[in-house]
Amino acid sequence: MSDKETKVKVTNLTKKFGDLLVLDDISFDVGKGEFLCIVGPTGCGKTTFLNSITHLYEPTSGHILIDGKEVNLKEHNISYIFQENSTMPWLTVEENVRFGLDIKSIPREEATNRVSEYLKIVGLEKYKNYYPNQLSASMLQRVVIARAFVTEPDLLLMDEPYGQLDIELRFKLEDELLELQRRTGTTVIFITHNIEEAVYLGERILILTNKPTKIKSSVFVDMQHPRNIADEEFVEIRNKVTDLIKWW
Amino acid sequence: MKSEKKKNIIATLLTIAGFLLVWQLVSMAVDNAAFLPKASVIVLEFFKTFVNPVGKYTMTMHILISLYRVGVAFILATLVGIMMGVGMGYSKLVEAILYPLFEIIRPIPPLAWIPMSILWFGLGDASKFFIIFLGSFSFITLNTYDGTKNVDRELIGAARMLGASERQVFFKVVLPSSVPYIFAGLQIAVTAGWSSVVGAEMVRSDEGVGWLIVMGMNKGNTIQIMVGMLAIGIIGFLLAQLTTLVERRLLAWNDQ
Amino acid sequence: MERSVKESVLKVENVSKIFSREEGSFGQKKLVENHVIDQVTFDVYENEFLVIFGPGQSGKTTLLKMMAGLEKVTDGIIEFGQKKISGPNPQLGFVYQSIALFPWLTVMENVEFGPKVKGEGKVERREKAQHYIELVGLGGFEERYPAQLSGGMKQRVGIARAYANNPKILLMDEPFGALDAQTRYMMEAEIQKIWQKEKRTVVFVTNNIEEALFLADRIILLTNCPTKIKSEYHVSLPHPRSYVDKEFLKLRQEITNNMDRTL
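Residue numbers (our numbering), protein chains in the order written: chain A, 7 to 254; chain B, 29 to 284; chain C, 740 to 1002.
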């Protein structure tokens, strides 16, 4: 971490709903271009955590800085990918990917070029005139990924985007995601319940506690991609993280 | 959460106050009581009618009589609507028989039925029931039909796998899962039935909130017309609130 | 082997399924046929935990629904207790991925639904329902409505409901597919425990290899559509199994490598 410039700085983030403490004094940094995974037990304040980072909820106290400035959705470009299919059914694949660019009024030609470039990367150029209901679940998730990356976000938040996919397919999409992330240098925070997935993807894994949510530990995964899930080191890290969560 | 609720209630009250204020100002500017009476006058007259009779009765009686007419018609509409809706939703044959006829009758407004209803049912309450019935039953039918058609196939499958007979599937799955739809229909139907009370009471009558308006029109009494309108509006609002309340009570399971 | 003395309780013989529907506009309608299952044959043995495992686009759910009698076979025969299956049979329990609880009934009322429609007396059926509600760890939640439960709890009710009907075979269609990874692990351990206690023949459909290996005595691997049987695996690892055990990971790799790819 020390070798990277800090992109996101979260300090003393606390959120209460009335008297109910949900997030308890959370502080961490994310380096520029880092792939950070966050895992926590079921029912930890994951959603609150995400919504506080995007300032959908005003935190009760604490600060979230991006590039040294307080988060501001007008100024900072934060993309958000979650598990449910979030494509717009009335738009084609191409129009869906364009969506974010149109909102930001990027010039037509530039937008077209960028969209086609990203469609190529996720392997969907042949399908650009299809509507979402003509695509499989994994293809839809690729559309969403392309839509997020095409806007070149400061920060990409992913909330268990592959929870419903076959394991095989999941690995394939994860490899694609890592490739895209490497190429664009995007900073990613990836939230998941799946420990194997976290170890497969992350440069670093933050482990959350149950409510009130705190950071319990932080584990570095210093392994080359693509990682092998049967590798001894992999299994060792997976076991370590599993022990830290202790949900059973 | 609580403060938000409070805020919303205040917003509602402010809107009503604002509306009355604008009305008051405009009517003062117009300054023609027969064209647009003052808001203050209407509200005052409205309350007075609860004490001083208009025609034979006070406002309370007018409202009760109208409510009675709507009530009877609404119960009939509910029975017929649910039966037709369930029948059409559950059986393709019943659907084929009834649906086209239903769709032809539906667009004919209740007012258009006045002459026929007088011919068939005379000048008494029966023709008024008939008109209000026509004004409300189609909403119940359509919603019930929708609900019955949209029963989750997996729920039916689950019941079958647990050994439910055809009859049990109908009474234990199809009907209860249509209840939220039926309630949505009832809610629209109550309002629709209530608003067709004016049409119904155009058929010769001596009482009811609809009669207030019809009579006011005949006599050129603007104030009476507007007092009648206000009464219909307020009672309609209360009826809608009441059905929502009943729905919440009965359909606790449907609360997310 | 032990298996040779085991009795077959359900036979799937040369079963095929073709969905056909009309497509196109007036005058130029054509019949579109979708060949989902192609001549599949296998047996289900008494008290085994059989997992039917296949990629996302295999017809595994269709196959299971045909075994339940919820879907007609286009060709072939499915036999249960020497008799051909022709419709839903309460001796076969079915657990849905969507769970399919009756939202207007409480947990208790959902679980006692089967005994109730069979006309069992209130005391008897309540007692039975209570037993299974407690078995799945939901004691104290009897009066809740499904909307007041978490995803994992709902699926426990679904399982209790199927058990309370006392089926010969439990058919489970990706029952944990919609749960998050940790709840899923928990439910897998739970269902394994319940199965040890209340031995019952289980046919379990999934697209998750970890889940398949964690639970199964035997795994039938299916191909993509039109679906055939690709291979069969006997899993003899002792319970409770570990997801990161060497043998486990080895088998996982082996089966994964043998699996058809999907887009």
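Beta carbons: idealized from backbone N, C-alpha and C, even for Gly.
Along the region 163-184 of chain A, what residues have a CB closer than 8 Å to any CB found in chain C? Glu166, Gly169, Gln170, Leu171, Asp172, Ile173, Glu174, Leu175
Indicate the three-state DSSP secondary structure (helix, strand or coil) for C/Gln796 in the structure shown. coil
For a contact meaning CB atoms closer than 8 Å, what does A/Val241 contact in chain C? Val983, Leu988
Rounding to the nearest angstrom, what Cα-Cα distance links A/Lys22 and C/Lys855 in this structure? 46 Å
Listing by chain order, which chain A residues have their CB less than 9 Å from the CB of C/Pro794? Asp172, Glu174, Leu175
On the criterion of 16 or more Cβ atoms from any shown chain inside 10 Å, does A/Lys132 qualify as buried, or is it exposed? exposed
Which of helix, strand or coil DSSP assigns to A/Met229: coil
So which residues on chain C does A/Ala154 lean against when the C-beta distance must stay under 7 Å? The premise fails here: A/Ala154 is roughly 21 Å from chain C at the closest Cβ pair, so nothing lies under 7 Å.
Please identify, using Cβ separations under 7 Å, the residues of the region 807-825 of chain C that lie next to chain B, in order along the chain. Ala807, Leu809
Residues in the region 198-217 of chain B with C-beta within 8 Å of chain C's C-beta atoms, listed in sequence order? Lys200, Val201, Pro204, Ser205, Val207
Any beta carbon from chain A within less than 8 Å of C/Ile933's own beta carbon? no
Enclosing beta strand (DSSP E) for C/Gln778 [first to last residue]: 769-784
Buried or exposed: which applies to B/Glu23, given that a residue is buried once 16 or more other Cβ atoms fall within 10 Å of its Cβ? With chain B covering only 29 through 284, there is no way to say anything about residue 23 of chain B.
Is there a Cβ from chain B that is less than 8 Å from the Cβ of C/Val856? yes
Against C/Met998, what residues of chain A qualify as contacts under a CB-to-CB distance less than 7 Å, listed in chain order? Glu174
Three-way DSSP call (helix, strand, coil) for C/Ile824 in this model: coil
Can you find a CB in chain C that lies within less than 8 Å of the CB of B/Met189? yes
Mind listing the chain B neighbours of C/Phe833? Cutoff is C-beta to C-beta under 8 Å, in chain order. Gly185, Ala186, Met189
Taking 8 Å as the threshold (beta carbon to beta carbon), is B/Glu194 in contact with chain C? no
Using DSSP's beta-bridge definition, name the partner residues of A/Ser223. A/Ile213
Pick from B/Ala259, B/Gly261, B/Ser205 that is closest to B/Gly117, judged by C-alpha positions: B/Ser205
Could you tell me whether the Cβ atoms of C/Val779 and C/Thr966 are closer together than 8 Å? yes
Interface flag, A/Asn200 vs chain C, CB-CB below 8 Å: yes
Is the region 47-57 of chain A touching the region 213-222 of chain A, taking contact as three or more C-beta pairs under 8 Å? yes
Starting from the beta carbon of B/Glu275, find every residue of chain C whose beta carbon is closer than 8 Å, and list them in chain order. Those within 8 Å of B/Glu275 in chain C number zero; the least Cβ separation is about 13 Å.
So if DSSP puts C/Tyr972 in a beta bridge, which residue, or which two residues, is it bridged to? C/Ile958
Express the C-alpha separation of B/Met189 and C/Leu879 in angstroms, rounding to a whole number. The question names Leu, but residue 879 of chain C in the sequence shown is Gly. Taking the straight line from one Cα to the other gives about 27 Å.
Between which two residues does the alpha helix (DSSP H) carrying C/Glu848 extend? 846-850
Checking 8 Å against the spacing of the C-beta atoms, do A/Phe155 and A/Cys43 come in under that value? no
Strictly under 8 Å for the Cβ-Cβ distance: is C/Asn946 near chain A by that measure? yes
Counting along the chain, where does the alpha helix (DSSP H) carrying A/Asn245 start and finish? 238-251
I believe B/Lys156 touches B/Glu275 by the beta-carbon criterion, under 8 Å. Please report the beta-carbon distance rounded to the nearest angstrom. About 27 Å separates the two Cβ atoms, so there is no contact after all.
Could you tell me which residues DSSP pairs with C/Ile908 in its beta bridges? C/Leu831, C/Thr940
Do we get a CB-CB distance below 8 Å when we pair A/Pro232 with the residues of chain C? no
From the beta carbon of A/Ala117, is the nearest beta carbon of chain C less than 8 Å away? no
How big is the Cα-Cα spacing for B/Lys160 and C/Val941? Contrary to the premise, residue 160 of chain B reads as Ile rather than Lys in this sequence. If I take the Cα positions, the gap works out to 58 Å.
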